[in-house]
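J.: The opening position of the sequence shown corresponds to residue 1 in the UniProt record's numbering, with each subsequent residue numbered one higher.
Below you'll find the structure I mean.
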Amino acid sequence: MTNGHSHFNLRDAARRSLIEHGFQPDFPAAALDETEQLKSHPPQPPASARDLRHLLWSSIDNDTSRDLDQIEYAERLPNGDLRVMVAVADVDLFVTKGSALDRYALAETATIYTGVENFSMLPEALSTGLTSLLEHETRAAMVADFTIDAHTCIASSEIYPAIVVNKAQLAYPSVGAWLAGTGPAPKKVAASAELQAQLRLQHEIAQRLRLERYRHGALNIETIETQPVMMHDEVVDVAAELKNPATELIEDFMIAANGVVARTLAAKGFSSIRRVVKTPRRWDRIVELAKQQGGSLPATPDSKALHDFLCERKKADPDHFTDLSLAVVKLLGPGEYVLERPGDPPEGHFGLAVQDYTHSTAPNRRYADLVTQRLLKAMLQGRPSPYSDDELASVAAQCTRMEDADRKVEREMQKRIAAVAMSRRVGETFSAIVTGVNQHGTFARALAPHVEGMVVHGQQGVDVGDRIRVKLVRTDPWHGFIDFARI
């Protein structure tokens, strides 16, 4: 992939960046040999798996996604309770602990999305094939099955193996527009009244789950993801991707399912890997930001107070709410994986306002989720944990370490993609928000298009969250540099 102006090959750059940050983008021969054996002799689901192929399962993901980890189904029970079922691909059935595939997945810990090419944690013959919940394909899965009562509390839950079929593979943009009332129903949805009712019920449940989390202090944050705009295999622009009702639906269901899994393992006395976001160290700066916006936050971290402030600002100034959200996200800091033993006080997830949270719903894409799946299977079969506490702690540390490397790769590639796209706009001025101030420099993100660069002139006296005007003075795709001057 070469840009006609800069002659910069983004795919080569992505591979180089992965290697520089400790990833190995090529699968070892032993892992590929195992994959071929699995293709020739695919393992069969356990005899205990429930046959749930008759249910109207569906998936919602990105338009181009093929590594489908989960599908969903919901129903309203006679007593008025709501039942949610999240089926997660049984990746452990194919990738056994200690195998060559498993060793490679542990080393990489996740699928890396660089914007121009995806580098899969597992060979695509598995992750986008045999272990993907593709439309109309019979697949083995692990199901998190839970009911929600009139108070939006999870009244009961169960986890079990199942056989499932994805009846409708759907995409975020089209489903989101339909649910929001801003676009027509996607073709598959328009053709099925039953599917329309199913998705509307899921949407209703997701809204209830989200509002309940907000009531407990989950942060109402809107951040913007960007994707390259391609033309003739060249990057010509970057486009922002905003949340919509479909992305929120899946997010809400996954948060609920992950909570069910975490609490189930804890109740059975299993140590597990938890996903935590600790109390923010830069709370003082968040308080200062709120004060600048006319708000007031307590001196000690309080997620409910922060949520209420963010909601007020969203109503008062919706056009700049994503800017404020971005600043808060930066100040909250990244999440991490930690070992949690039975009886340990939970560290919780500050941003989600939940105390019990793991990662379990994306085993094709994240290694921590695959480990959680193995813990669940051992629990269900009455076996001891397949991992010692030391092993789980080591896996958690590896996942955190490689996630940090992943962020660096994605950041580098976002900047390279943006530099290629912006190379013809040197000299133009933009409104921007300061996104980082550290020993490496001061960074700002232009608001339209959403590209980030270093403020190389006039950066004195600014901090995260400040709004400034900048001029684009230089782009360097080879190094991923975008340089702004404050004006």
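Don't be surprised by glycine CBs; every beta carbon is placed ideally from N, CA and C.
Computed from a predicted structure; not experimentally measured.
Going by DSSP, what residue range makes up the beta strand (DSSP E) through M142?
T.: 138–148
J.: Return the chain-ordered ranges of every beta strand (DSSP E) run that is complete within the segment 308–372 and spans a minimum of 3 residues.
T.: 336–340
J.: On the CB-based measure, 16 or more other CB atoms within 10 Å of its CB, does L77 come out buried or exposed?
T.: exposed
J.: Which residues in the same chain have their Cβ closer than 6 angstroms to the Cβ of T475, if we skip the five residues on either side of it in sequence?
T.: A419, M422, S423, I482
J.: Is it the case that the Cβ atoms of M402 and A110 are separated by a distance below 8 angstroms?
T.: yes
J.: With a cut-off of 8 angstroms, do at least 3 Cβ pairs link the segment 154–162 to the segment 172–184?
T.: Contact fails between the segment 154–162 and the segment 172–184, because fewer than three Cβ pairs, one in each stretch, are under 8 angstroms apart.
J.: Below 8 angstroms between beta carbons: does that hold for residue 496 and L56?
T.: For the chain, the structure presents residues 1 to 487; residue 496 sits outside this window and is missing.
J.: So, under 8 angstroms CB-CB, V434 and T442 are touching, yes? Tell me the CB distance rounded to an integer number of Å.
T.: 7 angstroms
J.: Smallest Cα separation from N79: which of A150, A140, D61?
T.: A150
J.: What would DSSP say about M454, mapped onto helix, strand or coil?
T.: strand
J.: Evaluate T35 with the Cβ neighbour count: other Cβ atoms within 10 Å of its Cβ, from every protein chain shown; 16 or more gives buried, anything less gives exposed.
T.: By the Cβ-count criterion, T35 is buried, with 16 or more other Cβ atoms from all chains shown falling within 10 Å of its own Cβ.
J.: Which of helix, strand or coil does DSSP assign to A405?
T.: helix
J.: So Y340 packs on S272, CB below 8 angstroms; how close in whole Å?
T.: Residue identity check: residue 340 is Glu in the sequence provided, not Tyr. Indeed they touch by this definition, with Cβ atoms about 6 angstroms apart.
J.: Measure the CB-CB distance between D67 and L370 and report whether it falls below 8 angstroms.
T.: With a cutoff of 8 angstroms on beta-carbon distance, D67 and L370 are scored as not near each other.
J.: So, at 7 angstroms on beta carbons, what are the nonlocal neighbours of G480 in its own chain, with the 5 sequence-adjacent residues on each side left out?
T.: E412, K415, R416, A419
J.: Relative to the alpha-carbon of L326, which residue among L289, D26, R486, V143 has its alpha-carbon at the smallest distance?
T.: The shortest C-alpha separation from L326 is found at L289.
J.: What residue from T114, P449, N438 has the CA that sits closest to S431's CA?
T.: Closest by alpha carbon: P449.
J.: Output the residue ranges of the alpha helix (DSSP H) runs that lie fully inside the segment 147–174 and measure 4 residues or longer, sorted by chain position.
T.: For secondary structure counted as the alpha helix (DSSP H) over 4 or more consecutive residues, the segment 147–174 holds no complete run.
J.: Quick one: which unbroken beta strand (DSSP E) runs of 3-plus residues sit fully inside the segment 183–250? Chain order, please.
T.: 225–231, 234–241
J.: Starting from the N-terminal side, write out each stretch of the beta strand (DSSP E) that is 3 residues or longer and does not extend beyond the segment 250–313.
T.: Within the segment 250–313, the complete beta strand (DSSP E) segments at least 3 residues long are 272–276, listed from N- to C-terminus.
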